[in-house]
Amino acid sequence: MTPVTDPRKIQSSFDLPRHVGIIMDGNGRWAAARSLPRFEGHRRGVEAVRRAVRASGDLGISYLTLYAFSSENWSRPPQEVDDLMGLLKRFIRLDLADLHKQNVRVRIIGSRDNLATDLKALLQEAEEITGNNTGLTLVIAFNYGGRQEIAEAAKKLAVRAARGEIDPQSIDAAMLSDHLYTADIPDPDLIIRTSGEQRLSNFLMWQAAYAELVFLPLHWPDFDRPALEDALLQYGTRERRFGGLTSAPNAMTGS
Ligand code: IPE
Ligand code: IPE
Ligand code: MG
């Protein structure tokens, strides 16, 4: 394949990722570099979320998963945790109508156990209102941890086996996948992390098995459409093998 050099051609490139995951990192560093409080970095990060959603929809990406709050982020100071909860609530209240108008389907993955009642209700409302939309699926990973998700799936399988509903010998990778939050969502093809850190930090641990990883040096509040296009161009140059010998884009999904 001729490498795609013009971002405008990305749309027609056959290897546009179907599912992009983003580890939105660097809000604090963005703020620190400007002598601003961390909250300001998170607030500006929400604007980057809006840009990412719009650009992904425009470019024809089917699934965009944004890592918004990890299971481990509870260890931050209580004020910052409160700020992040508040920003998610505000984002849903302010943006839900607009997302709906953009034909975006919203899904939230993660544990709802420790969340405030009003936040849980808002998450449910966002999923219900947009449930029949047919454009971009925006997956928000909130109070999400990949290891916890896999442990939960194992627990569900164990309970079903104990009840005699399934034969333990029949448990395989596909069955475990079917018990994750993402059961009906294809695996990510591309995972982007901003801010230079090169790790997954418990994001989509199972699903990322064959994802291409792209690390962008900019901080999340500076993320925009050209940054997404840059990541897509890098993705376009990768040879995906899935353990085989030939380059076979989307070989795992057969599509
Ligand atoms: C990402 O920015 C937002 C969340 C993790 C919720 P950070 O808050 O991690 O910013 P840095 O990594 O401290 O710069
Ligand atoms: C990962 O970023 C979590 C989110 C982006 C929500 P962190 O900033 O929490 O990750 P570490 O602590 O640097 O690994
Ligand atoms: Mg960080």
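Using the working numbering, the letters of the sequence shown map in sequence onto residues 12 to 266. Glycine included, C-beta positions come from ideal geometry on N, C-alpha and C.
Mapping DSSP to helix, strand and coil, what is residue i?
i, result
"Gly-32", "strand"
"Ser-81", "strand"
"Thr-205", "coil"
"Ile-182", "coil"
"Val-115", "coil"
"Phe-214", "coil"
"Leu-47", "coil"
"Asp-69", "helix"
"Leu-187", "helix"
"Gly-56", "helix"
"Phe-253", "coil"
"Gly-265", "Below a pLDDT of 50, predicted positions are generally treated as unreliable, and Gly-265, at 39, falls in that range; the measurement from the model is reported next regardless. Looking at Gly-265 - three-state DSSP - the assignment turns out to be coil, as it is neither helix nor strand."
"Pro-89", "helix"
"Leu-27", "coil"
"Thr-16", "Confidence is the limiting factor: at Thr-16 the pLDDT is only 48, short of 50, which leaves the residue's position unreliable and the question unanswerable from this model."
For residue i, tell me which candidate among the options has the shortest Cα-Cα distance.
i, options, result
"Pro-228", "Leu-239, Leu-133, Glu-58", "Leu-239"
"Ala-59", "Tyr-155, Leu-77, Arg-45", "Leu-77"
"Ile-182", "Leu-134, Gln-113, Lys-167, Ile-103", "Lys-167"
"Pro-28", "Trp-41, Gly-68, Arg-104, Ile-103", "Gly-68"
"Gly-56", "Gly-37, Met-96, Ser-46, Tyr-155", "Gly-37"
"Glu-235", "Val-225, Arg-61, Leu-134", "Reading off the sequence shown, one finds Asp at residue 235, where the question assumed Glu. That would be Arg-61, whose Cα lies nearest to the Cα of Asp-235."
"Gly-156", "Arg-54, Arg-251, Glu-83", "Glu-83"
"Arg-158", "Gly-207, Ser-212, Ile-202", "Ser-212"
"Ser-81", "Leu-107, Asn-125, Leu-147, Asp-198", "Asn-125"
"Phe-102", "Pro-237, Ala-137, Trp-231", "Ala-137"
"Met-96", "Ser-46, Ile-72, Thr-128, Glu-160", "Thr-128"
"Pro-179", "Ala-185, Ala-169, Ser-188", "Ala-169"
"Ile-140", "Arg-104, Gly-32, Pro-89", "Arg-104"
"Ala-132", "Asn-144, Ile-119, Arg-65", "Ile-119"
"Met-216", "Ile-151, Asn-144, Pro-199, Glu-208", "Pro-199"
"Gln-218", "Thr-248, Thr-257, Ile-161, Gln-245", "Ile-161"
"Glu-223", "Asn-143, Glu-208, Arg-204", "Arg-204"
Would you list the residues sitting across from residue i in a DSSP beta bridge?
i, result
"Leu-107", "Note: Leu-107 sits in no beta bridge, so no partner."
"Ile-120", "Ala-152"
"Thr-2", "In the structure as shown, the chain begins at 12 and stops at 266. Residue 2 is therefore absent and cannot be evaluated."
(request) Output the residues surrounding ligand 1, defined as those with a CB atom closer than 5 Å to any ligand heavy atom, in chain order. (result) Asp-36, Gly-37, Asn-38, Gly-39, Arg-40
(request) Could you pull out every unbroken alpha helix (DSSP H) segment of at least 4 residues lying fully inside the segment 129-182, listed in chain order? (result) 157-173
(message) Could you tell me which whole alpha helix (DSSP H) segments of length 4 or greater appear in the segment 216-251?
(response) 236-247
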